[in-house]
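**Student:**
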Amino acid sequence: MKIFLSNIIVAVIVAGGILFAVNRKISSIFHDQKLLELMNMSHIVEKEINDISSNIKKQLTAFSAIVSDDRDFVMKLLVEKDFTAPEVADIAIQHMKSMGLSFLEIVDSEYKILSSGHFPASTGNISNKKKNMTDNTMTFLYDNIKGTEVLSLQLKIPFFCSDVILYCIGGIAADSDFISQIRPYKGIQILLKQENSILGMDNIETISDIENNRIIINDKTWMVNSMSLK
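Sequential numbering from 305 applies to the sequence shown in our numbering.
1) What does a CB cutoff of less than 7 Å around residue 522 pick up in its chain, not counting 5 residues either side in sequence?
2) What's the call for residue 427, buried or exposed, on a 16-neighbour Cβ count within 10 Å?
3) Which residue marks the beginning of the beta strand (DSSP E) containing residue 460, and which one marks its end?
4) Is it right to say residue 409 is buried, meaning 16 or more other beta carbons lie within 10 angstroms of its own, or is it exposed?
5) So which of 461, 470, 402 has the shortest CA-CA distance to residue 358?
6) Three-state secondary structure (DSSP) at residue 352?
7) Is the beta carbon of residue 356 sitting closer than 8 Å to the one on residue 458?
8) Please determine, among 371, 451, 337, the residue with the shortest C-alpha to C-alpha distance to residue 473.
9) Just tell me which of 515, 530, 463, 424 has its CA closest to the CA of residue 413.
10) Give the single residue among 387, 436, 439 whose Cα lies nearest to the Cα of residue 420.
11) Cβ of residue 451 within 7 Å of any heavy atom in the ligand NAD?
12) Give, in chain order, every unbroken run of the beta strand (DSSP E) that is at least 3 residues long and sits entirely within the stretch 486-533.
13) What residue does the alpha helix (DSSP H) around residue 393 start on, and which one ends it?
14) Starting from residue 359, follow its DSSP beta bridges and name the residues at the other end.
15) Are residue 343 and residue 367 closer than 8 Å when you measure CB to CB?
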């Protein structure tokens, strides 16, 4: 499963030149200490993402159960075949915010959107992008909120509604609030890198490639560790 977000970069700032202003032995010790710190921070970030993912899965599983047990939803969708009925189209809207989600929708086996909490006007459209998502696998992807493309962390869960398979898809925006949740401590900078787009730091004018666990951003050197999300 391809995850559209390419990297999370965990960085600890190092004053420019400090790695080169001391003798090689001390520089090596300093580098090893910072590298160990980065490895530990990366593990914490990974755990935080897993915890967030587990919570999303818990919420979507609960929502799937609500939908399956909703007699009005079942009647309108499966008996009357009325896809535009409020009992069908509005169910994601009614539950999305209370579940703390930024994205929530129900699609059928053909990926036709039956209900969308984050983009109600998309109801009735085919969600081709979601076809590429693997069941029960958390995915970073860009999604649409009322015409605006937003980076998101989402999960797709299959469930049965009166023996008919549907999919519940939802998650949260991968924005500044998300970065704040996964940042372990002050002094640690989290950057989300998608191709040439970087989230998590403002006013980036120049940025180098990562080399020997170091990166230069706006002429300032950072020690970094990069986690590839693929």
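A virtual CB, placed ideally from N, CA and C, is assigned to each residue, including glycine.
**Tutor:** So, from the listed chains and residues:
1) As a working mapping, residue 522 is identified with position 218 in the sequence shown. 508, 509, 510, listed in sequence order.
2) As a working note, residue 427 is residue 123 in the sequence shown. Answer is buried; the Cβ neighbour count reaches 16.
3) To locate residue 460, count along the sequence shown from 1; it is residue 156. Per DSSP, residue 460 belongs to the beta strand (DSSP E) from 452-465.
4) By 1-based counting over the sequence shown, the position of residue 409 is 105. By the 10 Å Cβ count, residue 409 comes out buried.
5) In the sequence shown, counting from the first residue as 1, residue 358 sits at position 54. Out of 461, 470, 402, 461 has the C-alpha closest to the C-alpha of residue 358.
6) If you number the sequence shown from 1, residue 352 lands on position 48. DSSP places residue 352 within a helical segment (H, G or I) once states are collapsed to three.
7) By one-based count along the sequence shown, residue 356 stands at place 52. By one-based count along the sequence shown, residue 458 stands at place 154. Their beta carbons are not under 8 Å apart, which means residue 356 does not touch residue 458 by this criterion.
8) In the sequence shown, counting from the first residue as 1, residue 473 sits at position 169. Out of 371, 451, 337, 371 has the C-alpha closest to the C-alpha of residue 473.
9) Working through the sequence shown from its first residue, we reach residue 413 at position 109. Per the Cα distances, 463.
10) Locating residue 420 in the sequence shown gives position 116, counting from the first residue. Among 387, 436, 439, the Cα nearest to that of residue 420 is on 387.
11) This structure simply doesn't include the ligand NAD, nor any ligand for that matter.
12) Correct list: 492-498, 501-503, 518-521, 524-532.
13) In the sequence shown, the residue the question calls residue 393 occupies position 89. Residues 390-393.
14) For the purposes of this step, residue 359 is taken as residue 55 along the sequence shown, with counting starting at 1. In DSSP, residue 359 forms no bridge with anything.
15) As a working mapping, residue 343 is identified with position 39 in the sequence shown. As a working mapping, residue 367 is identified with position 63 in the sequence shown. Not a contact, by the Cβ cut-off of 8 Å.
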